[in-house]
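>
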Amino acid sequence: MVTRIPAPSKATPGKGSNPLRTMRNQAPEVARKAATVVQKNVRRAATGMLGLSGERMSKVDTAWLRMDSHSNLMMINGVWTLSPGITWEALCERVQQRLLQYPRFRQRVVEDAAGATWVEDRNFDIAAHVLREKLPHQKGHSMQRALQDRVGELAMQPLDTRRPLWQMHLIEDFVGDDGQPGSALIVRIHHCIADGIALISVTMSLVDGGSEPPKRKPRADKDGAATAEDWIADALIKPFTDMTVKALDLAGDGAAKSFKMLSDPEKTMHHGLAGTMDMARVAYQLVSDAAALALMPDDSPTRLKGQPGSAKRVAWCPPIPLEEVKAIGKALNCSINDVLLSCVAGAIGGYLRSQGDDPTGQEIRAMIPVNLRPMEEAWKLGNRFGLVPLVLPIGVANPVERVYEVRKRMNALKGSTQPILAFAMLAVAGLMIKPAQDALLNLFGRKTTAVMTNVPGPKQQLTLCGSRVTQCMFWVPQSGDIGLGVSILSYGGGVQFGVITDTTLCPEPQQIIDAFAPEFDQLSLLTLMLPWGE
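FYI, the numbering used here numbers position 101 of the sequence shown as 134, with every residue one higher than the one before it.
(1) Could you give the first and the last residue of the continuous alpha helix (DSSP H) run that contains E552?
(2) Please name the residue or residues paired with S216 in a DSSP beta bridge.
(3) Would you list the one or two residues that DSSP bridges to V152?
(4) Over what stretch of residues does the alpha helix (DSSP H) that includes L337 continue unbroken?
(5) Could you check if I219 is buried or exposed, using at least 16 other CB atoms within 10 Å of its CB as the buried criterion?
(6) Please say whether G362 and V377 have beta carbons closer to each other than 7 Å?
(7) Note down, in chain order, each residue of its chain lying with its Cβ closer than 6 Å to the Cβ of L131, except the 5 sequence neighbours on either side.
(8) Do K338 and T482 have their beta-carbon atoms positioned less than 7 Å apart in this structure?
(9) So N416 is in the beta strand (DSSP E); what residue range does that whole segment cover?
(10) What is the DSSP secondary structure of R435, counted as helix, strand or coil?
(11) Quick one: using the 10 Å Cβ neighbour count with 16 as the cut-off for buried, is M506 buried or exposed?
(12) State buried or exposed for Q504, treating a residue as buried only when at least 16 other CB atoms are found within 10 Å of its CB.
(13) Starting from R386, follow the alpha helix (DSSP H) in both directions and report where the run begins and ends.
(14) Would you kindly work out how many angstroms separate the C-alpha atoms of A161 and Q200, rounded to a whole number?
(15) Does the stretch 374-392 come close enough to the stretch 184-204 to have 3 or more Cβ pairs within less than 8 Å?
(16) In the structure shown, what three-state DSSP assignment does Q200 receive?
(17) Cα separation between S21 and G513?
(18) Where P422 and A399 are concerned, what is the direct C-alpha to C-alpha distance, given to the nearest angstrom?
(19) Look at the alpha carbon of Q140 and the alpha carbon of V484, and state the distance between them as a whole number of angstroms.
(20) Would you say the beta carbon of T393 is closer than 6 Å to some non-hydrogen atom of the ligand ADP?
(21) Hey, how far is the Cα of E122 from the Cα of Q388?
(22) In the DSSP assignment, what residue or residues form a beta bridge with N404?
(23) Based on the DSSP output, what are the partners of W349 in its beta bridges?
(24) Nearest by alpha-carbon distance to L374: which of I204, F553, N366 is it?
(25) Whose CA, out of L538, P432, L563, G415, lies closest to the CA of E88?
(26) Helix, strand or coil for A399? Go by DSSP, reduced to three states.
(27) Measure the beta-carbon distance from H202 to L164 and round it to whole angstroms, keeping in mind my assumption that it falls under 8 Å.
(28) Of the residues G229, D94, L187, S520, which one's Cα is nearest the Cα of E166?
(29) Cα separation between D391 and D145?
(30) Give every residue of the same chain whose Cβ lies closer than 6 Å to the Cβ of D267, excluding the five residues on either side of it in the sequence, and list them in chain order.
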């Protein structure tokens with residue numbers, strides 16, 4: 034048998050059969066395709082989407098996600114008391130009907146080198162998030178005290194990062210200090226999901242008669258993820274322009290007008306010199322406020338400031354009638370905020386005196402969140418707030434003198450761009466690795482004693498699963514080495530004051546709470562005694 038070997042074909046003119054020559058000729062095209070793939074993957078990796086199917090977490094929310102520490106977990110903790118009681122089954126049904134309509138509450142967080150991504154939890158289990166509990170009964174302690182102790186314990190128990198970052202703990206049989214039988218609900222939500230204003234929107238969808246959350250429009254897919262330029266536009270430029278102008282209630286009309294001009298430079302040109310002056314004024318304000326934040330002096334060294342431990346305690350007071358607060362504010366030509374913050378300063382000063390300290394002449398700095406979003410967009414969740422530092426005059430003993438001092442300091446903050454600068458700093462912190470982020474944010478912690486928030490809740494009393502919400506209270510987290518959190522919440526015609534403390538710095542926060550009502554009563558009495566008119 035003869036095996037025929039085919040003759041080699043003739044080389045095509047201009048295309049040699051040499052493999053090296055072929056590779057050399059194809060190299061530019063191969064390199065171009067490879068570069069395209071690498072560029073695409075680098076872009077996707079830079080935004081954390083490589084190998085994941087989900088929604089990218091904003092840089093501000095990423096900063097909150099990574100802010101957990103041994104002494105402070107970034108959880109918003111809340112308590113509802115209900116009368117009569119509700120069942121675990123009814124609560125689970127309501128959560129599935131309403132809360133899980135928000136994608137964030139069905140999504141877990143996956144971190145990567147560039148940040149984090151919201152990913153659907155395919156093994157979601159409602160029983161892992163809505164838990165049934167019984168309060169341990171201690172002789173001589175009320176159930177109210179046992180509830181406070183349990184909230185403090187849960188405030189330092191991390192959420193399971195393999196699941197969506199929230200939990201509800203239902204105590205079906207609870208009797209508060211008012212003697213009414215009912216239930217108590219403890220809620221824990223990681224701050225990376227939402228801020229306090231957004232969670233009020235969530236609350237309103239959970240209660241009886243609440244509307245379902247609006248449906249989110251699907252975002253256009255831009256090659257799998259947004260580019261760095263898209264993120265800068267969305268997360269940094271917009272808060273300085275349209276969104277901030279609509280929501281920043283501390284800014285005056287001139288600042289709002291100037292911020293609008295920053296968002297439309299072409300229109301600014303038509304305003305001529307006036308537009309240029311407005312923009313220059315905003316630029317000066319930004320520089321001044323940035324310097325003020327960077328050069329904040331340390332506040333007074335009190336027993337409430339120091340290295341915190343790893344245990345928390347909470348306390349809250351019965352509601353104070355909101356109409357009484359309004360009446361005092363009207364009589365003294367002050368805002369409701371001025372009156373309440375003055376009473377908080379007085380309660381802290383009174384607590385220090387009860388511990389044998391002399392707070393005369395002392396001041397503590399509290400970081401106060403400022404909403405930076407239109408209220409109609411609160412359902413979108415996420416964090417859209419800035420911070421302003423308010424120095425509380427805890428050493429002023431006279432209640433009327435103190436409320437006027439608080440009013441003066443609050444007025445000085447009007448028109449400030451510090452909330453926007455703080456928001457931008459959080460966005461930049463979210464771009465950094467955790468050690469660098471901690472170093473940046475500790476600039477605030479070292480010069481601050483407390484985090485304080487004042488949230489306007491529903492004016493009418495709510496019901497949940499047919500039961501009346503008799504009280505509601507919440508506490509925002511403290512970052513870094515801050516060991517004191519103060520919350521003021523108006524609800525159903527009343528105002529409540531709550532405190533969360535590190536037990537190393539303040540073992541019994543109830544003592545601060547116990548000083549709040551007497552401060553308010555003293556201010557009310559002195560207001561009535563002032564010589565009104567002739």
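Beta carbons: idealized from backbone N, C-alpha and C, even for Gly.
Walking through what the data contain:
(1) Start and end: 543-562.
(2) Among the bridge pairs identified by DSSP, S216 is matched with L115.
(3) Assignment of beta-bridge partners to V152 by DSSP yields R141.
(4) That residue, L337, is in no alpha helix (DSSP H); it is neither H nor E in DSSP.
(5) By the C-beta density criterion, I219 is buried, having at least 16 other C-beta atoms within 10 angstroms.
(6) No, Cβ-Cβ distance for V377 and G362 is not below 7 Å.
(7) Inspection of the sequence shows that residue 131 is occupied by Arg rather than by Leu. Cβ contact annotation for R131 (same chain, cutoff 6 Å, sequence separation greater than five): S238, L239, in chain order.
(8) A Cβ-Cβ contact shorter than 7 Å links T482 with K338.
(9) Careful: N416 lies outside any beta strand (DSSP E) and carries neither H nor E.
(10) The three-state secondary structure of R435, taken from DSSP, is helix.
(11) So M506 counts as buried.
(12) By the 10 Å Cβ count, Q504 comes out buried.
(13) 369-387 is the span of the alpha helix (DSSP H), which, as asked, contains R386.
(14) A straight-line Cα-Cα distance of about 8 Å links A161 and Q200.
(15) Flag = no, the stretch 374-392 and the stretch 184-204 do not touch.
(16) Looking at Q200 - three-state DSSP - the assignment turns out to be strand.
(17) The requested residue 21 does not occur in the structure, where the chain is confined to residues 34 to 567.
(18) Going from the Cα of P422 to the Cα of A399 covers about 6 Å.
(19) Their Cα atoms are separated by approximately 28 Å.
(20) For the ligand ADP, the structure offers nothing, since it holds no ligand at all.
(21) Taking the straight line joining both Cα atoms gives about 46 Å.
(22) Listed as beta-bridge partners of N404 by DSSP are F418.
(23) Residue pairing for W349: DSSP places it in a beta bridge opposite G531.
(24) L374 has its Cα closest to that of F553, out of I204, F553, N366.
(25) It is G415.
(26) Reduced to three states, the DSSP call for A399 is strand.
(27) Contact flag correct, Cβ pair sits at about 5 Å.
(28) Selected option, being the one with the closest Cα: L187.
(29) Straight across, the Cα-Cα distance linking D391 with D145 is about 49 Å.
(30) Below a pLDDT of 50, predicted positions are generally treated as unreliable, and D267, at 49, falls in that range; the measurement from the model is reported next regardless. If the five residues before and after D267 are omitted, its C-beta is found closer than 6 Å to no C-beta atom of its own chain.
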